[in-house]
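Just so you know, the sequences run in chain order A and B.
Per our numbering, the first sequence runs over residues 5 to 191.
Per our numbering, the second sequence runs over residues 5 to 191.
Every residue, glycine too, gets a C-beta built ideally from N, C-alpha and C.
Computed from a prediction, not measured in an experiment: that's the story for all the values here.
Here the structure is laid out as structure tokens; the discussion comes afterwards.
Number of protein chains: 2
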Amino acid sequence: MGHTRWLNEEEKRAWSAFTNAHALLYRRIEQRLKRDFGLSGLQYEILARLGDAPNRELRMAELAGALVNSKSGLTYQIGQMEKSGWVRRRSCPSDERAVYAVLDDAGMALLERAAPGHVELVRELLFDALSPEQVRALADGLGEAGRRMTGVPGEADPVRGDCAASAEGGVAAADHPLSRREHQGPP
Amino acid sequence: MGHTRWLNEEEKRAWSAFTNAHALLYRRIEQRLKRDFGLSGLQYEILARLGDAPNRELRMAELAGALVNSKSGLTYQIGQMEKSGWVRRRSCPSDERAVYAVLDDAGMALLERAAPGHVELVRELLFDALSPEQVRALADGLGEAGRRMTGVPGEADPVRGDCAASAEGGVAAADHPLSRREHQGPP
DNA sequence: TACCGGTCGTTCAAATTGGAACATCCAGTT
DNA sequence: AACTGGATGTTCCAATTTGAACGACCGGTA
Numbered sequence: 005m006g007h008t009r010w011l012n013e014e015e016k017r018a019w020s021a022f023t024n025a026h027a028l029l030y031r032r033i034e035q036r037l038k039r040d041f042g043l044s045g046l047q048y049e050i051l052a053r054l055g056d057a058p059n060r061e062l063r064m065a066e067l068a069g070a071l072v073n074s075k076s077g078l079t080y081q082i083g084q085m086e087k088s089g090w091v092r093r094r095s096c097p098s099d100e101r102a103v104y105a106v107l108d109d110a111g112m113a114l115l116e117r118a119a120p121g122h123v124e125l126v127r128e129l130l131f132d133a134l135s136p137e138q139v140r141a142l143a144d145g146l147g148e149a150g151r152r153m154t155g156v157p158g159e160a161d162p163v164r165g166d167c168a169a170s171a172e173g174g175v176a177a178a179d180h181p182l183s184r185r186e187h188q189g190p191p
Numbered sequence: 005m006g007h008t009r010w011l012n013e014e015e016k017r018a019w020s021a022f023t024n025a026h027a028l029l030y031r032r033i034e035q036r037l038k039r040d041f042g043l044s045g046l047q048y049e050i051l052a053r054l055g056d057a058p059n060r061e062l063r064m065a066e067l068a069g070a071l072v073n074s075k076s077g078l079t080y081q082i083g084q085m086e087k088s089g090w091v092r093r094r095s096c097p098s099d100e101r102a103v104y105a106v107l108d109d110a111g112m113a114l115l116e117r118a119a120p121g122h123v124e125l126v127r128e129l130l131f132d133a134l135s136p137e138q139v140r141a142l143a144d145g146l147g148e149a150g151r152r153m154t155g156v157p158g159e160a161d162p163v164r165g166d167c168a169a170s171a172e173g174g175v176a177a178a179d180h181p182l183s184r185r186e187h188q189g190p191p
């Protein structure tokens, strides 16, 4: 084994900036979400993920994977959110093991109230400090790093949604309310 | 208040990559540290910070600030690490409120054993996926973001180290053993 | 000297986390 | 049909984290 490839100054700066910025940012976000909506960061993320998932629902495992959280942790949080009436559990007839977390209307409403402030804060604290090139570098570089860590070779089709939500009240596959897109025309 | 400046696609990618990469990376790092050295991520950071602090010591508040952790959390961890004999507390005569966390020899030795693998992992999972330009963008962009969040206007002198460690065994201000620097000559 | 606003580190209770053990279930094999 | 290797989600429990409350202390001021 070689003698450890230490980080050069630039890399040290990058690493330090990366961890530091994340910690600072996440802390601020959590505080505000908690103060304004009684939500933890994880809970907001859960709402958000479910919010723009196909039928506002995702399997526990998928959700846990997407959030990079432990299964048990998710079980706990979904439990909490269920008590609050933001989320509901649904089991799938075709696969008895599966459990779907479904976003309730109350949860969706909450998400819609919380999202603007959240996005605004992220923009203010992060994107307002970045040049367009830096944004691209983040997206590309960290995107690639993330991809490598998840082990995504050839885009093996997800196969999810075997057990589609069928008969249920009225709403079927409404469009995702929070996915507006505001062109902010690049030069 | 304007109608929320939502994120464009590129920004969404960047944000998602940022949080995702961080979560993935941190999780891996924690697992390895725990497995190989029985250390948590936070504990490693504490060792590292103390390791290249002036006299291998830092005030509790400084440390907490640098780590972006709560005071109480740090109190707890330092307590744990003290039990393990990696760290020691020292109080300062000139300011009775202050408490310094001092890195013990055992802690330093542990740090020196853990650092290579840690750095190697960071390089492998993060830097190997980044181009030099991307590294620079991270360092600059996130550095700036972090600076803004900490509120660092005119580099107000830290004033720290009022109560310098004086009489103590032998070692005074030895050079920081872990701060080797390996030129990795840019083209 | 006595007082005051502010800082420091610790304590406390309550909430969260994460891994291991567990019971169930699915798909492919024998 | 019985068996096996792998997933799934939950439960359990110990470790950790958080913010608020607290007591001690500092520096400047009346």
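1. What alpha helix (DSSP H) runs, 4 residues minimum, are completely inside the segment 117 to 161 of chain B?
2. Taking only beta-carbon atoms, is D40(A) less than 9 Å away from chain B?
3. Could you give the distance in angstroms between the alpha-carbon of V91(A) and the alpha-carbon of F131(B)?
4. Starting from L37(A), follow the alpha helix (DSSP H) in both directions and report where the run begins and ends.
5. Under 9 Å between C-beta atoms, does W90(A) make it to chain B?
6. Indicate whether the contact test is met: 3 or more Cβ pairs, each with one atom in the segment 138 to 146 of chain A and one in the segment 98 to 112 of chain A, closer than 8 Å.
7. Would you say R152(B) faces chain A, with C-beta separation under 9 Å as the test?
8. Counting contacts by CB-CB distance shorter than 9 Å, is N24(B) in contact with chain A?
9. Can you pull the DSSP bridge partners for D99(B)?
10. Given 8 Å as the limit, is there contact between the segment 17 to 28 of chain B and the segment 53 to 70 of chain B, that is, 3 or more CB pairs closer than that?
11. In chain order, what residues of the same chain lie with their CB nearer than 6 Å to the CB of R39(B), ignoring the 5 residues before and after it?
12. Check the Cβ of P120(B) against every Cβ in chain A and list those closer than 7 Å, keeping chain order.
13. I82(B): which of S98(B), C96(B), P97(B) and G111(B) sits nearest, CA to CA?
14. Measure how close the beta-carbons of V126(A) and R60(A) come, nearest whole angstrom, since I'm counting them as under 8 Å.
15. As a quick exercise: from A118(B), G150(B) and D109(B), pick the residue whose alpha carbon is nearest that of W19(A).
16. Just to confirm before moving on: does the CB-CB distance between L43(B) and L51(B) stay below 9 Å?
17. With a cut-off of 9 Å, does the C-beta of P58(B) fall near any C-beta of chain A?
18. Classify V60(B) as helix, strand or coil using the three-state DSSP reduction.
19. Could you tell me the alpha carbon to alpha carbon distance between M153(B) and L129(A), rounded to whole angstroms?
20. Taking the Cβ atom as the reference point for each residue, do F22(A) and A118(A) lie within a distance shorter than 9 Å?
21. Just to confirm, are A141(A) and E137(B) a CB contact at a threshold of 9 Å?
22. Alpha carbon to alpha carbon, how far is A57(A) from R9(B)? Give it in angstroms, no decimals.
23. What does the alpha-carbon distance come out to for the pair A160(A) and K75(A)?
24. To the nearest angstrom, report how far apart I33(A) and P120(A) are at their CA atoms.
Based on what the coordinates show:
1. Inside the segment 117 to 161 of chain B, DSSP marks whole alpha helix (DSSP H) runs of 4 or more residues at positions 136 to 141 and 147 to 154, from first to last along the chain.
2. So no, D40(A) is outside the interface.
3. Going by the C-alpha atoms only, they are around 39 Å apart.
4. Taken as a continuous stretch (DSSP letters only), the alpha helix (DSSP H) holding L37(A) covers E13 to F41.
5. Answer no: the Cβ-Cβ gap between W90(A) and chain B never drops below 9 Å.
6. Flag = no, the segment 138 to 146 of chain A and the segment 98 to 112 of chain A do not touch.
7. Yes, because at least one Cβ of chain A sits closer than 9 Å to the Cβ of R152(B).
8. So yes, N24(B) belongs to the interface.
9. Bridge partners of D99(B): C96(B).
10. With the cut-off at 8 Å, the segment 17 to 28 of chain B and the segment 53 to 70 of chain B do not touch.
11. Answer for R39(B): no residue qualifies.
12. One finds T8 in chain A with Cβ atoms closer than 7 Å to the Cβ of P120(B), taken in chain order.
13. I82(B) has its Cα closest to that of G111(B), out of S98(B), C96(B), P97(B) and G111(B).
14. Not confirmed; about 22 Å, so no contact.
15. Checking every option, the nearest Cα to that of W19(A) belongs to G150(B).
16. Yes, Cβ-Cβ distance for L43(B) and L51(B) is below 9 Å.
17. Not flagged as an interface residue toward chain A: P58(B), since no C-beta distance is shorter than 9 Å.
18. The sequence shown places Arg at residue 60(B), rather than the Val named in the question. Here R60(B) carries a coil assignment [DSSP, helix/strand/coil].
19. Rounded to whole angstroms, the gap between the alpha carbons of M153(B) and L129(A) is 7 Å.
20. Taking 9 Å as the Cβ cut-off, F22(A) and A118(A) do not qualify as a contacting pair.
21. Against a cut-off of 9 Å, the Cβ pair of E137(B) and A141(A) comes out as a contact.
22. Inter-residue distance for R9(B) and A57(A) is about 22 Å (C-alpha atoms, whole angstroms).
23. Low confidence applies to A160(A): its pLDDT is 43, below 50, so where it sits in the model is not reliable, and the reading given next is rough at best. Between A160(A) and K75(A), the C-alpha separation is close to 22 Å.
24. Cα to Cα, the separation comes out at about 12 Å.
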